[in-house]
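Residue numbers (this note's numbering), protein chains in the order written: chain F, 74 to 491; chain E, 74 to 491.
Just so you know, even glycine gets a beta-carbon here, dropped at the ideal spot from N, CA and C.
Here the structure is a predicted model, which means the values were calculated and not measured.
These notes are about the structure you will find just below.
What follows is the structure, encoded as structure tokens:
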């Protein structure tokens with residue numbers, strides 16, 4: 074199932090402790106030397122860095138600024154952490170917790186992460202039901218993110234949008250935080266439980282900013298254990314790592330990269346969820362935002378994304394399906410319809426229909442005057458309206474049929490209404 | 074004050090009764106012959122139409138289809154109504170009601186109506202405080218339209234958006250219907266009453282589909298009288314005309330043409346307000362829509378306009394001001410701000426700030442390891458954080474300053490939060 078060797082896995086396990094997420098020099102060093110040699114360089118006492126290596130790393134990053142100092146400066150960052158290295162223990166810890174380390178050399182490595190370029194993660198620690206199903210490349214992954222202080226509205230909107238997506242086989246990805254994140258994970262787990270005959274496990278994936286030996290925030294401990302039991306929890310930092318602000322910021326790029334579509338359900342004007350949305354847009358992923366009350370601070374960030382053209386407006390699960398280019402058997406929906414009796418009439422016939430009384434009968438002559446139509450247009454029009462069941466005639470003259478009255482309720486204006 | 078002659082005014086008064094709104098042949102005939110000659114042709118018994126006139130009318134409309142029948146067919150539509158003509162009586166009726174007829178030959182004629190081309194109205198019947206101020210070309214006009222069955226949310230949103238616009242001198246235009254229309258007119262009247270020292274009268278204009286001798290809908294009679302007393306009510310059809318469905322559809326084009334910006338506050342998936350918005354967009358006017366709950370059918374039309382790219386999202390009065398290119402002294406707003414203590418730190422200093430403990434003190438050595446930074450970066454960074462008031466030192470080492478804790482409440486995540 075895994076094609077990476079145990080040596081490579083061990084080396085990458087160590088590197089995830091030495092190199093901070095988003096450290097481009099570190100990632101470039103691993104890309105240039107390979108995991109094992111990069112680890113050897115960092116852990117050796119040698120301080121001299123060959124110029125050819127400096128050059129190769131600078132070229133990989135694509136920036137030439139102070140390139141002669143890049144790797145040397147990196148070594149100064151990485152080496153203080155060497156004393157904390159214990160990759161065998163980390164791998165054993167994760168095995169014990171029902172998980173492991175997925176590395177780019179594995180067949181199951183999510184190829185979308187390569188869209189991150191040099192900032193792609195060195196590896197992914199995971200904890201879950203089974204890494205294979207969780208990372209299935211054939212599945213659509215939908216990120217659903219938002220405020221920690223979600224409102225009832227946002228939580229309900231998350232549920233309504235997510236349930237049909239999970240029933241069709243999509244995997245819901247979020248950050249395991251309070252509020253919208255938790256609502257998204259819960260909606261996915263609930264949809265799995267209530268969808269009879271669903272063939273898909275792993276309805277949801279939580280991408281964490283800290284190590285997976287201890288779940289953060291602790292108030293979501295039960296939820297995250299549930300996600301690990303039925304889905305998967307992942308992080309790019311090893312067990313024991315604390316979830317720092319920096320790692321939260323960097324974690325967001327993983328959510329964006331892993332998903333076909335990112336949906337922001339509720340977000341304040343300034344919110345980490347907006348970062349995730351912008352990273353997704355930068356990578357050419359589809360981004361959606363759920364609108365809400367203009368009086369809710371929790372919707373201001375969503376409205377901002379829509380106003381800036383950074384997100385499509387999402388009001389229904391179908392909007393997400395459309396952005397994802399379809400989710401398995403879930404077809405892209407046609408527009409909601411439901412026509413009215415007089416739809417499709419040409420202008421003259423609409424004028425005539427307007428002029429027709431509902432109860433009393435009118436003569437063709439009076440209809441000419443009221444509608445402003447010639448006698449020919451009135452006679453031809455009455456015949457067309459009759460064929461469509463909109464007009465009926467009697468000895469006294471013509472009136473509207475009863476069926477032509479709008480019966481579709483409040484969505485149709487009455488005669489003379491807007 | 075008016076430059077149109079009384080003969081031309083009389084002729085146009087008559088023509089508004091003969092020719093239905095949006096009748097392109099009629100409008101072209103008036104454009105080619107002038108009002109008086111067009112009226113003479115329609116009211117004469119002559120059935121032969123000179124070919125040169127047919128040609129000129131067809132060219133004015135810009136369509137060559139069956140051009141030899143256009144004017145003849147028009148005469149068949151118009152002549153049955155000649156017996157109802159009484160323009161002196163109509164003008165007298167409107168004078169008695171405190172109004173009159175504004176014609177394109179008047180200096181006060183709103184030039185924006187010419188953007189309608191051939192479908193521009195032949196004249197505007199009005200009823201109000203004074204036509205001059207009402208049609209002041211220097212004022213910004215904002216259309217606010219929406220569902221008749223408005224919700225409390227929509228009514229409140231209309232008020233919040235409209236009040237500051239009126240205070241700055243904008244005129245709010247709507248259709249006088251129940252629901253959002255009524256809320257828009259009321260908000261404008263209330264804003265006028267509560268804005269001390271406002272120099273502008275005529276805070277609102279109602280554009281009606283039927284004649285102005287009787288207000289429709291009757292439930293808005295008091296409101297429409299109020300609008301006439303403090304603003305203006307207009308229609309392109311003469312007194313006595315009933316508000317047919319056709320005239321409602323055509324009335325919407327007048328609202329769109331008269332305004333710099335059209336804002337839809339609430340609208341169902343199918344709604345006349347969407348027609349107004351689309352007409353406005355076709356004429357190159359700015360269009361906005363107010364978002365709302367995804368569970369509210371009354372916001373579905375607004376969300377639809379936004380989704381289709383036909384409207385900008387409007388959540389604040391400032392959004393409307395921006396679309397209008399400014400409203401007098403109301404400046405285009407800058408983005409809402411309110412920064413956080415650590416905003417603007419570079420990556421290394423942010424890593425260091427993350428690593429700093431809030432209570433216990435940390436040595437520079439331990440900060441190297443926790444933050445993954447060199448000793449040089451840590452020492453330099455501590456100095457910068459200290460200068461910004463984010464870090465403090467003691468004999469035991471370094472910790473965060475108390476001021477660096479986020480104090481801005483729920484909009485800022487705590488350490489480790491999203």
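Does residue 195 of chain F come out as helix, strand or coil in the three-state DSSP assignment? Residue 195 of chain F sits at position 122 when you count from the first residue of the first chain. Three-state result, residue 195 of chain F: coil.
message = Below 8 Å on the Cβ atoms is my contact criterion, and I expect residue 364 of chain E with residue 386 of chain E to pass it. Report the Cβ-Cβ distance as a whole number of Å.
response = For the purposes of this step, residue 364 of chain E is taken as residue 291 along the second chain, with counting starting at 1. For the purposes of this step, residue 386 of chain E is taken as residue 313 along the second chain, with counting starting at 1. At roughly 6 Å, the Cβ-Cβ gap stays under 8 Å, so residue 364 of chain E and residue 386 of chain E are in contact.
*State the Cα-Cα distance for the pair residue 320 of chain E and residue 421 of chain F, rounded to the nearest angstrom.*
On the second chain, position 247 is the one that residue 320 of chain E refers to. On the first chain, position 348 is the one that residue 421 of chain F refers to. Going from the Cα of residue 320 of chain E to the Cα of residue 421 of chain F covers about 13 Å.
Quiz item: Do you know offhand how far residue 199 of chain F's Cα is from residue 304 of chain F's?
Solution: Counting from one through the first chain, the residue named residue 199 of chain F turns up at place 126. Counting from one through the first chain, the residue named residue 304 of chain F turns up at place 231. Roughly 10 Å separates the two Cα atoms.
In the region 356-368 of chain E, which residues sit with their C-beta less than 9 Å from some C-beta in chain F, listed in chain order? If the cut-off is 9 Å between Cβ atoms, the region 356-368 of chain E has 363, 364, 365, 366, 367 and 368 near chain F.
Using only CA atoms, which one of E/338, E/313 and E/115 lies nearest to residue 283 of chain E? Looking up residue 283 of chain E in the second chain gives position 210. Answer by Cα proximity: E/313.
Query raised in the report: When you compare only the Cα positions, how much space is there between residue 143 of chain E and residue 323 of chain E?
Result: The count along the second chain starts at 1 and reaches residue 143 of chain E at position 70. The count along the second chain starts at 1 and reaches residue 323 of chain E at position 250. Approximately 21 Å, taken between the alpha carbons.
**Q.** Proximity of residue 146 of chain F and residue 140 of chain F at Cβ, strictly below 7 Å
**A.** Taking the first chain and counting its residues from 1, one reaches residue 146 of chain F at position 73. Taking the first chain and counting its residues from 1, one reaches residue 140 of chain F at position 67. No, Cβ-Cβ distance for residue 146 of chain F and residue 140 of chain F is not below 7 Å.
Rounded to the nearest angstrom, what separates residue 105 of chain F and residue 211 of chain F at their Cα positions? Stepping through the first chain from its first residue, residue 105 of chain F is reached at position 32. Stepping through the first chain from its first residue, residue 211 of chain F is reached at position 138. The straight-line gap from Cα to Cα measures roughly 30 Å.
Where does residue 122 of chain F fall in DSSP's three states?
Along the first chain, read from residue 1 onward, the residue named residue 122 of chain F stands at position 49. Reduced to three states, the DSSP call for residue 122 of chain F is coil.
query = Rounded C-beta distance between residue 275 of chain F and residue 207 of chain F? I'm assuming under 8 Å.
reply = Indexing the first chain from 1 puts residue 275 of chain F at position 202. Indexing the first chain from 1 puts residue 207 of chain F at position 134. Yes, residue 275 of chain F and residue 207 of chain F are in contact; Cβ-Cβ is about 4 Å, under 8 Å.
If the cut is a Cβ gap below 7 Å, which residues of chain E does residue 153 of chain F touch?
-> Sequence index remark: in the first chain, residue 153 of chain F carries index 80 (1-based). Ordered by position in chain E, the residues that pass the 7 Å Cβ test against residue 153 of chain F are 441 and 442.
Applying the 10 Å Cβ sphere with the 16-neighbour rule, what's the burial state of residue 335 of chain F?
As a working mapping, residue 335 of chain F is identified with position 262 in the first chain. Residue 335 of chain F is buried by the Cβ-count criterion.
(request) Return yes when the Cβ of residue 248 of chain E is within less than 7 Å of the Cβ of residue 217 of chain E, no when it is not. (result) Residue mapping note: residue 217 of chain E aligns to position 144 of the second chain, counting from 1. Residue mapping note: residue 248 of chain E aligns to position 175 of the second chain, counting from 1. It is not a contact, given that the beta carbons lie outside the stated cut-off.
Could you give the first and the last residue of the continuous alpha helix (DSSP H) run that contains residue 400 of chain F? Looking up residue 400 of chain F in the first chain gives position 327. Careful: residue 400 of chain F lies outside any alpha helix (DSSP H) and carries neither H nor E.
Give me, in chain order, the residues of the same chain whose beta-carbon lies closer than 7 Å to that of residue 474 of chain F; leave out the 5 immediate sequence neighbours on both sides.
Position 401 of the first chain, counting from 1, holds the residue named residue 474 of chain F. Excluding residues within five positions, the ones whose Cβ falls inside 7 Å are 462, 463, 464 and 465.
**Prompt:** What number of angstroms, rounded off, separates the C-alpha of residue 201 of chain E from the C-alpha of residue 347 of chain F?
**Reply:** Against the second chain, residue 201 of chain E aligns to sequence position 128. Against the first chain, residue 347 of chain F aligns to sequence position 274. Cα to Cα, residue 201 of chain E sits roughly 49 Å from residue 347 of chain F.
Using 10 angstroms around the beta-carbon of residue 121 of chain E, count the other beta-carbons present and answer buried if the total reaches 16, otherwise exposed. In the second chain, residue 121 of chain E corresponds to position 48, counting from 1. Under this definition residue 121 of chain E is an exposed residue.
Do you know how far the Cα of residue 205 of chain F is from the Cα of residue 370 of chain E? Stepping through the second chain from its first residue, residue 370 of chain E is reached at position 297. Stepping through the first chain from its first residue, residue 205 of chain F is reached at position 132. Rounded to whole angstroms, residue 370 of chain E to residue 205 of chain F spans 42 Å at the Cα level.
Near residue 388 of chain F, what residues of its chain come up, given a Cβ to Cβ distance below 8 Å and the 5 sequence neighbours on each side ignored? Translated into positions along the first chain, residue 388 of chain F becomes position 315. Excluding residues within five positions, the ones whose Cβ falls inside 8 Å are 363 and 364.
According to the Cβ coordinates, are residue 84 of chain F and residue 108 of chain F closer than 7 Å? Residue 84 of chain F sits at position 11 when you count from the first residue of the first chain. Residue 108 of chain F sits at position 35 when you count from the first residue of the first chain. Less than 7 Å separates the beta-carbon of residue 84 of chain F from that of residue 108 of chain F.
- Query: Does residue 182 of chain E have its Cβ less than 7 Å from a Cβ in chain F?
  - Reply: One-based indexing of the second chain puts residue 182 of chain E at position 109. For residue 182 of chain E, the answer is no, since every Cβ of chain F falls outside 7 Å of its Cβ.
Per DSSP, what are the beta-bridge partners of residue 525 of chain E in this structure? Nothing about residue 525 of chain E can be reported from this structure: the residues present for chain E run from 74 to 491 only.
Any idea if residue 33 of chain F is buried or exposed, counting beta-carbon neighbours within 10 angstroms, 16 or more meaning buried?
-> There is simply no residue 33 of chain F to check, as chain F begins at 74 and stops at 491 in what is shown.
* Asked: In angstroms, rounded to a whole number, what distance separates the CA positions of residue 96 of chain E and residue 430 of chain F?
  -> Numbered from its first residue, the second chain carries residue 96 of chain E at position 23. Numbered from its first residue, the first chain carries residue 430 of chain F at position 357. Answer to the nearest angstrom: the Cα atoms are 22 Å apart.
Short of 7 Å in beta carbon distance, which residues of its chain neighbour residue 396 of chain F, apart from the five on each side in sequence? Order them along the chain. If you number the first chain from 1, residue 396 of chain F lands on position 323. Here the set comprises 334, 359, 361 and 385.
Q. Along chain E, which residues have their Cβ under 7 Å away from the Cβ of residue 471 of chain F?
A. Numbered from its first residue, the first chain carries residue 471 of chain F at position 398. The contacting residues do not exist; residue 471 of chain F stays about 16 Å from chain E at best.
| query | How do the region 336-344 of chain E and the region 166-180 of chain E stand: do at least 3 beta-carbon pairs fall below 8 Å, yes or no? | reply | no
- Message: Tell me the rounded alpha-carbon separation between residue 196 of chain F and residue 92 of chain F.
- Response: As a working note, residue 196 of chain F is residue 123 in the first chain. As a working note, residue 92 of chain F is residue 19 in the first chain. Cα to Cα, the separation comes out at about 11 Å.
- Task: For the region 317-338 of chain F, enumerate the residues whose C-beta is nearer than 7 Å to any C-beta of chain E, in chain order.
- Result: Answer in chain order: 317, 318, 319 and 321.
For the beta strand (DSSP E) that residue 215 of chain E lies in, which residues bound it at each end? Within the second chain, the letter at position 142 stands for residue 215 of chain E. First-last of the beta strand (DSSP E) with residue 215 of chain E: 214-218.
Using a Cβ cut-off of 7 Å (strictly closer), state whether residue 380 of chain F contacts chain E. Numbered from its first residue, the first chain carries residue 380 of chain F at position 307. Yes, its Cβ sits closer than 7 Å to a Cβ of chain E.
Inset, instruction - Verify whether the separation of the beta carbon atoms of residue 374 of chain E and residue 341 of chain E is less than 7 Å. - result: Counted from its first residue, the second chain places residue 374 of chain E at position 301. Counted from its first residue, the second chain places residue 341 of chain E at position 268. Against a cut-off of 7 Å, the Cβ pair of residue 341 of chain E and residue 374 of chain E comes out as a contact.
Discussion item. Can you tell me where the alpha helix (DSSP H) holding residue 365 of chain F begins and where it ends?
Written reply: Within the first chain, numbered from 1, the residue matching residue 365 of chain F stands at position 292. Run containing residue 365 of chain F: none; DSSP gives neither H nor E here.
**Asked** Which residues, in chain order, does the region 78-96 of chain F contribute to contact with chain E at a C-beta distance below 7 Å?
**Response** Cβ contacts with chain E come from 93.
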